[in-house]
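With numbering that gives the first Met the number 0, letter number 203 in the sequence shown gets 202, and the count goes up by one each step, no holes. Quick reminder that beta carbons are idealized off the backbone N, C-alpha and C, glycines included. Input: a single structure, listed below in structure tokens.
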Amino acid sequence: MIKLLVGLGNPGTEYEDTRHNAGFWWIDAVTRELQVSLVPERSYHGLMARTTVKGQTVWLLEPQTFMNLSGKSVSALARFFKIQPQEILVAHDELDIAPGEAKLKLGGSHAGHNGLRDIHAQLGTADYWRLRIGVGHPGVKSEVVSWVLKKPMAEHRTAIEDSIARSVKALPLLLDGEMEKAMALIHTSKPPRPKPPKPPKVVPAEPDTEA
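Here it is in structure tokens:
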């Protein structure tokens, strides 16, 4: 079961609407779902909420260390409360998934994500859960840093928000440890495909008439 829900991002108003903060957006949605508020906790270098769901204590965390030092915050809280890596879920932006989709996985590489890289290092393992929130790829590797630190276009932001809302529906399963069921729900909960445009009506040409 999941005891610690983490969302990755960068603190500050200049970053709050950027793609790299999709993890923060997810935690914000979870706080609304659980009706809790995040408060600063200096001991854990982040904004934290603590609540009880079905008799189980659940922690929510948004590290305020900036992305590259996210592990400092996650490891501090996890070690103090003796939360195991497999009981941690980290929500983060994912370049290799299109806006509007999300994927749940356990373990694996950090794939160049600096927040995950630091969590790997601080926890000493990659065996924690991740919720990969699709933000899309700019198509050119050299533009990745600029891409994640910019605001998504309006339709992409809407798609990302929709995927977050759908993935939050799996929260009861995540907290119960029903990870396969949660994965099935998140992976099959995709945005509806747009309807193909209707073909234009063909108006028959009027026959030529001689004067």
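Item	Value
A101 and S162 closer than 8 Å at C-beta	yes
One or two residues paired with I132 in a DSSP bridge	D92, A101
Bridge partners - W58, DSSP secondary structure assignment	L3, R49
Per-residue burial, G138 [other beta carbons within 10 Å of its own, 16 or more giving buried]	exposed
Own chain, CB closer than 6 Å to V35, minus 5 neighbours either side, in chain order	A48, T50
Residue from F23, K140, I1, T30 whose Cα sits closest to the Cα of P62	F23
Distance, P98 Cα to H155 Cα	6 Å
Beta-carbon proximity check, G45 vs S74, cutoff 8 Å	no
Whole-Å CB distance - I26 paired with L59, under 8 Å assumed	6 Å
Span of the alpha helix (DSSP H) around V73	69 to 79
Whole-number beta carbon distance between L88 and I185, since they are thought to touch under 8 Å	Incorrect: roughly 11 Å between the Cβ atoms, too far for contact.
Per-residue DSSP class, three states only, for I82	coil
Proximity to E15 [Cα-Cα], best of K150, L130, E177, R165	K150
Nearest neighbour of S145, chosen from T30, H19, F79 [CA to CA]	H19
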